[in-house]
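Shown next, in structure tokens, is the structure this report addresses.
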Amino acid sequence: MAINKNHEFEELNGVKCGIVEKNVKPERVAFLKQLLEYNKFTVEVVPSPPAKVAPVPVVKLAEGAEPPPLPPPPPPAPETFTVGVTDYTFNVINAIFGRALHAPGGHVVTQAYWNQQEATSHDEVPYYERTPTGNG
Numbered sequence: 001m002a003i004n005k006n007h008e009f010e011e012l013n014g015v016k017c018g019i020v021e022k023n024v025k026p027e028r029v030a031f032l033k034q035l036l037e038y039n040k041f042t043v044e045v046v047p048s049p050p051a052k053v054a055p056v057p058v059v060k061l062a063e064g065a066e067p068p069p070l071p072p073p074p075p076p077a078p079e080t081f082t083v084g085v086t087d088y089t090f091n092v093i094n095a096i097f098g099r100a101l102h103a104p105g106g107h108v109v110t111q112a113y114w115n116q117q118e119a120t121s122h123d124e125v126p127y128y129e130r131t132p133t134g135n136g
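When the sequence shown is numbered by the numbering used here, its final residue is 136 and no position is left out of the sequence of numbers.
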């Protein structure tokens with residue numbers, strides 16, 4: 001059992017793994033797998049279990065009453081995956097803010113790069129080492 005939400009682990013493909021992300025789309029799986037394998041992690045990917053569907057409530061009808069129309073079936077759930085690494089001590093938060101992950105090309109992985117908000121990782125100076133700008 002995980003100590004907290006940021007450090008989950010479970011068995012994927014019969015191997016105890018540290019969970020990187022759950023309910024991940026295939027494009028994100030490709031990005032994470034490439035990045036983590038570049039950092040020498042063994043990556044395990046398994047399909048996420050389908051979401052639980054609430055049962056249709058049973059309605060008792062009076063004699064001679066017509067049954068209400070059935071609701072339309074829910075749309076199919078998107079195919080998502082759970083991504084983990086075989087190092088079950090791996091913690092995404094610690095890896096990013098501890099500057100332990102590197103992108104191809106040698107740059108340190110930033111939070112924006114990890115979240116795919118930036119195409120390249122270019123933050124080489126940690127926030128606590130930056131000099132303040134402005135007059136004074």
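Beta carbons are placed, not taken as given, at the ideal position from N, Cα and C, and that holds for glycine.
Taking every protein chain shown into account, the CB of Phe81 has 16 or more other CB atoms within 10 angstroms, so this residue is buried. The alpha-carbon separation between Pro26 and Val46 amounts to approximately 11 Å.
Cβ neighbours of Val29 within its own chain (closer than 8 Å, five residues either side excluded): Val45, Phe81 and Val83. Scanning its chain for C-beta atoms nearer than 7 Å, with the 5 sequence neighbours on each side dropped, one finds around Ile96 the residues Val109, Gln111 and Trp114, in chain order. In terms of CA proximity to Pro71, Val58 leads the group Val58, Gly64 and Ala62. Asp87 has its alpha-carbon roughly 8 Å from the corresponding atom of Lys16. Our two residues, Asn39 and Pro132, have alpha carbons roughly 32 Å apart in a direct line. Approximately 5 Å separates the beta-carbon atoms of Gly18 and Val85; this is inside 8 Å, confirming the contact. Going by DSSP, Leu12 is part of the beta strand (DSSP E) stretching over Phe9 to Leu12.
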